[in-house]
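The structure appears below as structure tokens.
Residue numbers (the working numbering): 1 to 406.
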């Protein structure tokens, strides 16, 4: 998902394909290393950074947030600026996640709040600070070939999204996570095609919608992926996510560019931002109605903060069926829901403030500002095939003597 999914999805820009997949490769590899270190620093085990599959999975999620931010900035920034952005964003991301999970006790199995919402609004805040009047140019568009490559990324992301939402979940929670995500994705896909054709004046499908909005269902179900939202609930979430995303691309993105000077190259606000907020709200509702009568004792494994406090009779009772259950804060459903809401609001605040601060750093004089003709252009950064051909025109080829050797 990180290298093929995100990389190819960003190849829709007709003259920026090499940079889309190449710089995505660079930033992804750099971020994985940096995220392992930063995550490890905040979760030390006996003074050491523990390197295991959980650490690698956490680094993947962190990298996804950075690449979502990259989507809002693609084509308008230099590789150096993106490297600096990565080094700054990762610690801010980890701090926000620690606040949400460790201090507030919020749950977010598919990381729709902590990854998608954070990454989207962090990137939008950066692009707000780096705003430029010439961001919308003819080269920002796509071609038939670039749209085909982008669809490869879409299909990869769509296929593997259940593993993204449920990969870290144990047992029955993982089964629910896969099923809920699957149902949400398929209804989202069908609804996207329907709404896209309804909105278009000639009743045609828009590739922007098909490449992006078909994935919004995976984002919207993320926070509650492992919860008992029921198949009809997952299907409804996918439908709502598709409508929100398609309408966002059609109406909100142009409005943000003209009124707010927020130029969102990939439309991350519509694929990750708004569906991420929707996921957070769904998580609040699901947490409020969750009860032991529905989940059984596993309720306290899904919501660790709802486990009874240390020394209570209820905790002793639960230890007979869940011997390894740790004491919690004794939250009620309403308290858990309130903390879910706090986590969403704090994520938005930290992402926006952190993005603005990062944007101010990237505006400093040492960093080169791209000229208008260099926007969305591979030639600035890559050796192009045309250059190779020109370089060989004046060369002389010296034939090698044939000595009969094979």
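Built from N, CA and C at the ideal position, the CB exists for glycine as well.
- Residue 45 is bridged by DSSP to 48.
- Rounded to whole angstroms, the Cβ separation of residue 350 and residue 92 is 7 Å, and the two are in contact under 8 Å.
- With 16 or more neighbouring CB atoms inside 10 Å of its own CB, residue 308 falls in the buried class.
- Remark: fewer than three beta-carbon pairs, one from each stretch, lie closer than 8 Å, so the segment 262 to 269 and the segment 328 to 337 are not flagged as touching.
- Inter-residue distance for residue 257 and residue 269 is about 12 Å (C-alpha atoms, whole angstroms).
- When 366, 36, 16 are compared, the shortest CA-CA separation from residue 56 is found for 36.
- Under the 10 Å beta carbon count, residue 41 is surrounded by fewer than 16 other beta carbons and is classified as exposed.
- Going by beta carbons, residue 12 and residue 156 fall outside the 8 Å limit.
- Shortest Cα-Cα distance from residue 365 to any of 31, 381, 80 involves 80.
- Counting of Cβ neighbours within 10 angstroms places residue 184 among the buried residues, the total reaching 16 or more.
- Contact holds between the segment 272 to 284 and the segment 239 to 256, because three or more Cβ pairs, one in each stretch, are under 8 Å apart.
- Rounded to whole angstroms, the separation of the alpha carbons of residue 170 and residue 164 is 13 Å.
- Only residues of its own chain outside the window of five on either side were considered, and among them 6 have a CB closer than 6 Å to the CB of residue 67, listed in chain order.
- DSSP, read as helix, strand or coil, puts residue 322 in coil.
- In the three-state DSSP reduction, residue 381 falls in the coil class, being neither helix nor strand.
- Here DSSP, grouped into helix, strand and coil, assigns residue 16 to coil.
- Secondary structure at residue 170: coil, using DSSP grouped into helix, strand and coil.
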